[in-house]
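By numbering that gives the first Met the number 0, the letter at position 165 of the sequence shown is numbered 164, and the numbering carries on one by one without gaps.
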Amino acid sequence: MSDTPETKTGLRSSESQSTTRLLLALWELGAHKSDEVKRVDLTEKIKRTGEKASDYQGIFDKLEQQGAIAFEMKNRNRVIYLTEKGVQLLGESLYNPEFEFDSQIGARTANALLRWMREMASSGNGASATAKEEKGEGAIASYDEFKSLALEVYDKLNRDYNLNDLVPIYRMRREVGSRINRSQFNDWLLEMQEKDIFELMAGEMPDITPDKREDSITVRGGGLRYYAKLINSDN
Numbered sequence: 000m001s002d003t004p005e006t007k008t009g010l011r012s013s014e015s016q017s018t019t020r021l022l023l024a025l026w027e028l029g030a031h032k033s034d035e036v037k038r039v040d041l042t043e044k045i046k047r048t049g050e051k052a053s054d055y056q057g058i059f060d061k062l063e064q065q066g067a068i069a070f071e072m073k074n075r076n077r078v079i080y081l082t083e084k085g086v087q088l089l090g091e092s093l094y095n096p097e098f099e100f101d102s103q104i105g106a107r108t109a110n111a112l113l114r115w116m117r118e119m120a121s122s123g124n125g126a127s128a129t130a131k132e133e134k135g136e137g138a139i140a141s142y143d144e145f146k147s148l149a150l151e152v153y154d155k156l157n158r159d160y161n162l163n164d165l166v167p168i169y170r171m172r173r174e175v176g177s178r179i180n181r182s183q184f185n186d187w188l189l190e191m192q193e194k195d196i197f198e199l200m201a202g203e204m205p206d207i208t209p210d211k212r213e214d215s216i217t218v219r220g221g222g223l224r225y226y227a228k229l230i231n232s233d234n
């Protein structure tokens, strides 16, 4: 990323630096784990003295177009999620030898960066979560293990976010994260439907984005299913 200062907005650092700080703040707030991060809270966290919230609009637009972030309306608040693409972009920026922060990044950014470094190191010397999965660290090895975790994730999301027993599949997939590959997640979730544990439902997905659609599931016959509804956890 270029480190040339931007003059189009009131940003105090380059667009490259501001973008990386934004992605890092989202990651620190848990937006990559389906935690709901309000846009207004994020902006207040990253905004520097002399900057306005509107100065970051161009960055939000670019990241959304790239599929790095996704927006959703929750209780009249616009919340942001950091997608796998966003985590990838953050890593590429931080590991780019040409990238550097300016001289005053602040304690928040510095501490978030330390946390990132420690977590990436624990997953394999800065390797991605996918690499951790390939090494088998924390990987889900059986259907029974997946079933137990899927039910736990379903209950957690349903309870914490008042989802009225209709839990978005994309959020379940992101909560499970890199512990299982995409195809195995699909196969075992479909098996849970065949065993009448979950009913996978279509319905309407507010603020649907390409990454949410991709992280949902296609049933046999080609139909997309966006939600999981618990039928019987004892099956």
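C-beta atoms are modelled at their ideal positions from N, C-alpha and C, and glycine is treated no differently.
### Query
Taking the alpha-carbon positions, what's the Glu203 to Met171 distance?
Within the sequence shown, numbered from 1, the residue matching residue 203 stands at position 204. Within the sequence shown, numbered from 1, the residue matching residue 171 stands at position 172. Cα to Cα, the separation comes out at about 17 Å.
### Task
Given a cut-off of 7 Å, decide if Phe100 and Ser92 are closer than it, judged by their beta-carbon atoms.
Along the sequence shown, read from residue 1 onward, the residue named residue 92 stands at position 93. Along the sequence shown, read from residue 1 onward, the residue named residue 100 stands at position 101. Result no, Cβ atoms of Ser92 and Phe100 do not sit closer than 7 Å.
### Query
What does DSSP give as the partner residues of Pro167 in its beta bridges?
On the sequence shown, residue 167 is found 168 positions in, with the first residue counted as 1. Bridge partners of Pro167: Tyr226.
### Query
If you draw a straight line from the C-alpha of Val78 to the C-alpha of Val36, how long is it?
Working through the sequence shown from its first residue, we reach residue 78 at position 79. Working through the sequence shown from its first residue, we reach residue 36 at position 37. Distance between the alpha carbons of Val78 and Val36 is about 5 Å.
### Task
Look at the alpha carbon of Gln87 and the alpha carbon of Glu27, and state the distance between them as a whole number of angstroms.
Residue mapping note: residue 87 aligns to position 88 of the sequence shown, counting from 1. Residue mapping note: residue 27 aligns to position 28 of the sequence shown, counting from 1. Going by the C-alpha atoms only, they are around 14 Å apart.
### Query
When the Cα atoms are used, what is the spatial distance from Ala109 to Met116?
Against the sequence shown, residue 109 aligns to sequence position 110. Against the sequence shown, residue 116 aligns to sequence position 117. Cα to Cα, Ala109 sits roughly 11 Å from Met116.
### Message
Our contact map puts Lys228 next to Phe197 with C-beta atoms below 8 Å; I'd like the distance itself, whole angstroms only.
### Response
Locating residue 228 in the sequence shown gives position 229, counting from the first residue. Locating residue 197 in the sequence shown gives position 198, counting from the first residue. Right, their Cβ atoms sit about 7 Å apart.
### Query
So, Ala69 versus Thr208, is the Cβ gap smaller than 7 Å?
For this step, residue 69 is matched to residue 70 along the sequence shown. For this step, residue 208 is matched to residue 209 along the sequence shown. A contact, by the Cβ cut-off of 7 Å.
### Query
Should Glu151 be labelled buried (16 or more other beta-carbon atoms within 10 Å of its own) or exposed?
Taking the sequence shown and counting its residues from 1, one reaches residue 151 at position 152. It counts as exposed.
### Query
Between the C-alpha atoms of Gly105 and Asp195, what's the straight-line distance to the nearest angstrom?
In the sequence shown, counting from the first residue as 1, residue 105 sits at position 106. In the sequence shown, counting from the first residue as 1, residue 195 sits at position 196. The alpha-carbon atoms of Gly105 and Asp195 are separated by roughly 52 Å.
### Task
Report the three-state DSSP secondary structure of Phe59 (helix, strand or coil).
Translated into the one-based positions of the sequence shown, residue 59 becomes position 60. In this structure, Phe59 counts as helix in the three-state DSSP scheme.
### Start and end residues, beta strand (DSSP E) containing Asn76
Position 77 of the sequence shown, counting from 1, holds the residue named residue 76. Looking at the DSSP string, the run of the beta strand (DSSP E) that includes Asn76 is 76-81.
### Message
Which residue wins for smallest C-alpha separation from Tyr80, given the options Glu118, Leu112, Arg38?
### Response
For this step, residue 80 is matched to residue 81 along the sequence shown. For Tyr80, the nearest C-alpha among the options comes from Arg38.
### Task
Could you tell me the boundaries of the beta strand (DSSP E) in which Glu198 lies?
Here residue 198 is taken as the residue at index 199 of the sequence shown, counted from 1. 197-200 is the extent of the beta strand (DSSP E) around Glu198.
### Coarse secondary structure for Gly125, derived from DSSP in three states
For the purposes of this step, residue 125 is taken as the residue at position 126 of the sequence shown. Because Gly125 carries a pLDDT of 40, less than 50, the predicted location of this residue cannot be relied on, and no value is offered for it.
### Message
Cutting at 8 Å between CB atoms, please list the residues of its own chain near Gly49, excluding the five before and the five after it.
### Response
By 1-based counting over the sequence shown, the position of residue 49 is 50. Contacts found: Gly9, Arg11.
#### Entry: Option nearest Leu113 by Cα separation, candidates Gln16, Ala52, Leu23, Asn234
The count along the sequence shown starts at 1 and reaches residue 113 at position 114. Measuring from the Cα of Leu113, the nearest candidate turns out to be Leu23.
### Message
Tell me the rounded alpha-carbon separation between Leu156 and Met72.
### Response
The residue given as residue 156 occupies position 157 in the sequence shown. The residue given as residue 72 occupies position 73 in the sequence shown. Each residue's Cα considered, the two are about 16 Å apart.
### Task
Could you say which of Asp210, Leu199, Asp206 lies nearest to Asn76 if we only look at CA atoms?
For the purposes of this step, residue 76 is taken as the residue at position 77 of the sequence shown. Nearest of Asp210, Leu199, Asp206 to Asn76, Cα basis: Asp206.
### Query
Which residue from Gln192, Thr19, Ile230 puts its Cα closest to that of Tyr94?
Translated into the one-based positions of the sequence shown, residue 94 becomes position 95. Among Gln192, Thr19, Ile230, the Cα nearest to that of Tyr94 is on Thr19.
#### Entry: Asp210 vs Gly66 beta-carbon contact at 7 Å
Position 211 of the sequence shown, counted from the start, is the residue given in the question as residue 210. Position 67 of the sequence shown, counted from the start, is the residue given in the question as residue 66. Contact: yes.
### Query
Assuming Met191 and Ala149 make a contact with CB atoms under 8 Å, what is their CB distance in whole Å?
For the purposes of this step, residue 191 is taken as residue 192 along the sequence shown, with counting starting at 1. For the purposes of this step, residue 149 is taken as residue 150 along the sequence shown, with counting starting at 1. At roughly 7 Å, the Cβ-Cβ gap stays under 8 Å, so Met191 and Ala149 are in contact.
### Query
By the 10 Å Cβ neighbour count, where 16 or more other Cβ atoms means buried, how is Gln16 classified, buried or exposed?
Your numbering for residue 16 matches position 17 in the sequence shown. Counting Cβ neighbours within 10 Å, Gln16 comes out buried, since at least 16 surround it.
### Message
Is the beta carbon of Leu223 closer than 7 Å to that of Ser215?
### Response
Along the sequence shown, one-based indexing puts residue 215 at 216. Along the sequence shown, one-based indexing puts residue 223 at 224. Closer than 7 Å, so yes.
### Task
Quick one: grab the DSSP three-state call for Thr42.
Walking along the sequence shown from the start, residue 42 turns up at place 43. Here Thr42 sits in helix by DSSP.
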